[in-house]
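Asker: For the record, in the sequence shown the residue sitting at position 131 is 245 according to our numbering, with numbers rising by one throughout.
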Amino acid sequence: DCKLPLSITPYYLSLIDPFNPEDPLRRAVVPTMAEIGLNPGEADDPLGEDQHMVAPGLVHRYPDRVLFLATGFCSTYCRYCTRSRLVGAHGNGHHYGRADMEKALSYIENTPSVRDVLISGGDPLTMSDERLEWILSRLRRIKHVELVRIGTKAPVVLPQRITADLTRMLKRYHPLFVSIHFTHPTELTAEATRACERLADAGIPLGSQTVLLKGINDEVEVMKELMHRLLKARVRPYYLYQCDPIRGSAHFRTTVSKGLEMIQGLRGHTTGYAVPTFVIDAPGGGGKVALYPETVIGRRGSELLLRNYAGNVYSYPDNGGGQGVLLS
Ligand SMILES: *Cc1c(COP(=O)(O)O)cnc(C)c1O
Ligand code: SF4
């Protein structure tokens, strides 16, 4: 039961040290025997997306926003991909047809509660400018769609995709946000940084999404370096994901406490903008659940005992400003 095809762009391959089998980028994109088989707790669709599929490629889980999987194609496949059941061979390796897209668009048109559409896949920036613009213009014609977002890895694996033509087109569809899938600090080459800058110069707010991966980015120093380089490239860290229990991903998965350790190592120790939100996408379709390191260590009467980033304890008079006792 073969799942993801192997595909790596020549550019991304050039970032990998061919003599180091433990190279972090190599581990993320080159298959190994470890991905064969189903480990305890794993499933093909752990997030229950298929249950929330309201039209071909359209996942409606939260009341006010939808996930529009516009293509099953990526230029580079990540071995831990949450949607490995839909991308590559399982997604016919190709884009959804016009008729399927019409069904998804008409669902959005007929659902006024949808104010935010997240175009993802696969990688939507593997589609032509024309096809992408067709989707964007159709969405923009829908009055209740306030916000459009694109989730992509193109600036990381195919930075030359971010052309002047593309950004000129995208800026006609504001407010448009782009979330970029980054994994490791070495991905922030001059080329990738320039690709992000071109998007930012088009007025597009950029966020990052990173999957926490064992032996790849699960050390505070590596994670911090990634977050710092993202900010320098004008990308605001958005989500850090616990690796979803998809089939054959056990070798990538850390414990949840590892993720909390990452956040603990960032919050207060560096720029607040450099701290993403650590989330678990709840198995069964519960959506994203944010986790935070424990900062409230208890109460003393109405006082709240707080632990700061350095481990020191402070008390806060949590009396809502009321029941004041005049002290003099
Ligand atoms: C992640 C996700 C979204 C967007 O979530 P935000 O927290 O708003 O970024 C929407 N729909 C689905 C199904 C998702 O998995
Ligand atoms: S770029 Fe995204 S959709 Fe494509 S293989 Fe990687 S994680 Fe999956």
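In this text, a Cβ means the ideal position worked out from N, Cα and C, and glycines have one as well.
CA-CA distance, I318 and F291?
Answerer: Start at 1 with the first residue of the sequence shown, and residue 318 comes out as number 204. Start at 1 with the first residue of the sequence shown, and residue 291 comes out as number 177. Each residue's alpha carbon lies about 5 Å from the other.
Asker: Assign G211 to buried or exposed, taking buried as 16 or more other Cβ atoms, counted over all protein chains shown, within 10 Å of its Cβ.
Answerer: For the purposes of this step, residue 211 is taken as the residue at position 97 of the sequence shown. That one is exposed.
Asker: Between V325, F366, V262 and V336, which lies nearest to L181 when the distance is taken from Cα to Cα?
Answerer: As a working mapping, residue 181 is identified with position 67 in the sequence shown. Checked all of V325, F366, V262 and V336; the closest Cα to L181 is V262.
Asker: For L200 and G186, I'd like the C-alpha separation in whole angstroms.
Answerer: In the sequence shown, the residue the question calls residue 200 occupies position 86. In the sequence shown, the residue the question calls residue 186 occupies position 72. Rounded to the nearest angstrom, the two C-alpha atoms are 6 Å apart.
Asker: Does DSSP put E417 in a helix, a strand or coil?
Answerer: In the sequence shown, residue 417 corresponds to position 303, counting from 1. Strand at E417.
Asker: Check whether the Cβ of D237 sits closer than 7 Å to any heavy atom of ligand 1, and report yes or no.
Answerer: For this step, residue 237 is matched to residue 123 along the sequence shown. False, no ligand heavy atom lies under 7 Å from that Cβ.
Asker: Going by C-alpha to C-alpha distance, which of S227, K257, L250 and F296 sits closest to L344?
Answerer: Along the sequence shown, one-based indexing puts residue 344 at 230. If we check each option's Cα against that of L344, F296 comes out closest.
Asker: Tell whether a beta-carbon distance below 8 Å holds between A157 and R361.
Answerer: Numbered from its first residue, the sequence shown carries residue 157 at position 43. Numbered from its first residue, the sequence shown carries residue 361 at position 247. In this structure, R361 lies closer than 8 Å to A157 by Cβ.
Asker: Which value, in whole angstroms, describes the spacing of the CA atoms of L161 and G171?
Answerer: Numbered from 1 along the sequence shown, position 47 holds the residue referred to as residue 161. Numbered from 1 along the sequence shown, position 57 holds the residue referred to as residue 171. So the two alpha carbons sit approximately 15 Å from each other.
Asker: For a test of the three-state rule: what should DSSP assign to K402, helix, strand or coil?
Answerer: Stepping through the sequence shown from its first residue, residue 402 is reached at position 288. In the structure shown, K402 sits in a strand (DSSP, three-state: E or B).
Asker: With DSSP as the reference, label G90 as helix, strand or coil.
Answerer: No information on residue 90 is available, as it lies outside the stretch 115 to 442 that the chain covers here.
Asker: Nearer than 7 Å: is that true of the beta carbon of V201 relative to any heavy atom of ligand 2?
Answerer: Taking the sequence shown and counting its residues from 1, one reaches residue 201 at position 87. Yes - ligand 2 has a heavy atom lying nearer than 7 Å to the Cβ of V201.
Asker: Should T385 be labelled buried (16 or more other beta-carbon atoms within 10 Å of its own) or exposed?
Answerer: The sequence position of residue 385 within the sequence shown is 271, counting from 1. So T385 ends up on the exposed side.
Asker: Taking 7 Å as the cut-off, is the CB of Y191 close to at least one heavy atom of ligand 2?
Answerer: Sequence index remark: in the sequence shown, residue 191 carries index 77 (1-based). At least one heavy atom of ligand 2 is nearer than 7 Å to the Cβ of Y191, so yes.
Asker: Quick check: is any heavy atom of ligand 2 less than 7 Å from the C-beta of K402?
Answerer: Counting from one through the sequence shown, the residue named residue 402 turns up at place 288. Answer for K402: no, Cβ out of range of ligand 2.
Asker: Can you give me the Cβ contacts of G207 inside the same chain, cut-off strictly under 6 Å, excluding the 5 residues immediately before and after it?
Answerer: As a working note, residue 207 is residue 93 in the sequence shown. Residue placement at G207 is poorly supported in this model, since its pLDDT is 45, which falls under 50; the coordinates still yield a value, given next. Contacts found: none.
Asker: When the distance is taken between beta carbons, is P273 closer than 8 Å to A309?
Answerer: By 1-based counting over the sequence shown, the position of residue 309 is 195. By 1-based counting over the sequence shown, the position of residue 273 is 159. In this structure, P273 lies closer than 8 Å to A309 by Cβ.
Asker: Is G211 helix, strand or coil by DSSP?
Answerer: By one-based count along the sequence shown, residue 211 stands at place 97. Coil, per DSSP.
Asker: Mind checking whether the beta-carbon of L250 lies closer than 7 Å to any heavy atom of ligand 1?
Answerer: Taking the first residue of the sequence shown as position 1, residue 250 is located at position 136. Every heavy atom of ligand 1 is 7 Å or more from the Cβ of L250, so no.
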